[in-house]
Structure formats: C-alpha cells, structure tokens
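Just below is one structure, and these are the notes that go with it.
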Amino acid sequence: MNINNLLRRFCLQQTRAGLIQRFKARCEISLILDLPENFNHFTDEEEQTIYRITQEALENILKHARASHVRLSLEKQSTNWVYTIKDDGKSIDFNNKETPFEGLGIQGMQERANAIGAELHIHSQPDKGTIIQLIITSR
C-alpha cells in the first residue's frame, strides 16, 4: 500500500472516531461499539459508505428514535461483512404519509449501498427499535 492510501485510511479512521465522540457528547444515549480497530478489509469507497451511513443513522436516532441504547457492530458472516446499527428507540413507520421515510435519509443510505454493490436492510418493529444492516461481499 502506498503512502497516500495509508494516509487516506488513517484519516477515515480518525473521522469515524470523531463522529462517535461527537455523538456521545451530544446525547445521553448509551453507545456500544463492537468494531475492529481498523477497517483494512474494505476499499476506501466502502469505508466512506460505512461512515456516511453511520452518520445518517446516528442523526436519525438523535432526531427521531428516542433511543436509550445504540450498538454498532461489524462481523464476518460466511463471505460477507455485516455492519449493523441497532437502536432500542421507537420504530420507523414506513406507512406514515405525514413523515415519509425518504426524508430521514434512508433513500440516500440505499443509494450509497448500491453504489458499492452492497445490500442495505432496515428492520423496524413498533417499540422495539430499528436495525440497519449493510452487507458487503468480501473480495
């Protein structure tokens, strides 16, 4: 790996750490991290997508979810990496015409996942929170 790639990776890791620190400073929500120290398994574009989806999800949790706990995790499952953002807040009502879910940034998250060939799944149950999973195929 050349010096430019190393520097880019370091910057992405520092940016991700800053995002988490800012989230913790803005709220009383318990944030549990089950993440590796580095994301060497991913391309720069994949890392950027993980960061942007995390950023959007945490903003949505702060604004809408009324969650007490949030968990960020990354695990290898067969030939895929599964990145999960889970909260215990109120769920997303996909049928509510007054607050269309596209306005919550979900459409943007889906577009970002599609751009790197990943899958984005969102599971939400009333009063049981929301789970966002980004599934990235290993190379």
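For the sequence shown, position 88 matches number 88 in my numbering, and the numbering has no gaps at all.
Even for Gly, the Cβ is constructed at its ideal location relative to N, Cα and C.
Opposing strand residues paired with residue i [DSSP bridges]
i, result
"N80", "Q77 and T137"
"G129", "Q125"
"L58", "According to DSSP, L58 bridges with nothing at all."
"L120", "L134"
"R71", "I32 and K86"
Residue i in three-state terms, based on DSSP
i, result
"D93", "coil"
"K86", "strand"
"R202", "Because the chain here runs from 1 to 139, residue 202 falls outside it and cannot be looked at."
Cα-Cα separation, residue i to residue j
i, j, result
"E37", "E111", "27 Å"
"I92", "Q125", "8 Å"
"I106", "H121", "10 Å"
Delimiting residues of the beta strand (DSSP E) encompassing residue i
i, result
"I32", "S30 to D34"
Buried or exposed (CB count within 10 angstroms, at least 16 for buried), residue i
i, result
"N114", "exposed"
"A67", "buried"
"L141", "Here the chain comprises residues numbered 1 to 139, so residue 141 is not present and cannot be evaluated."
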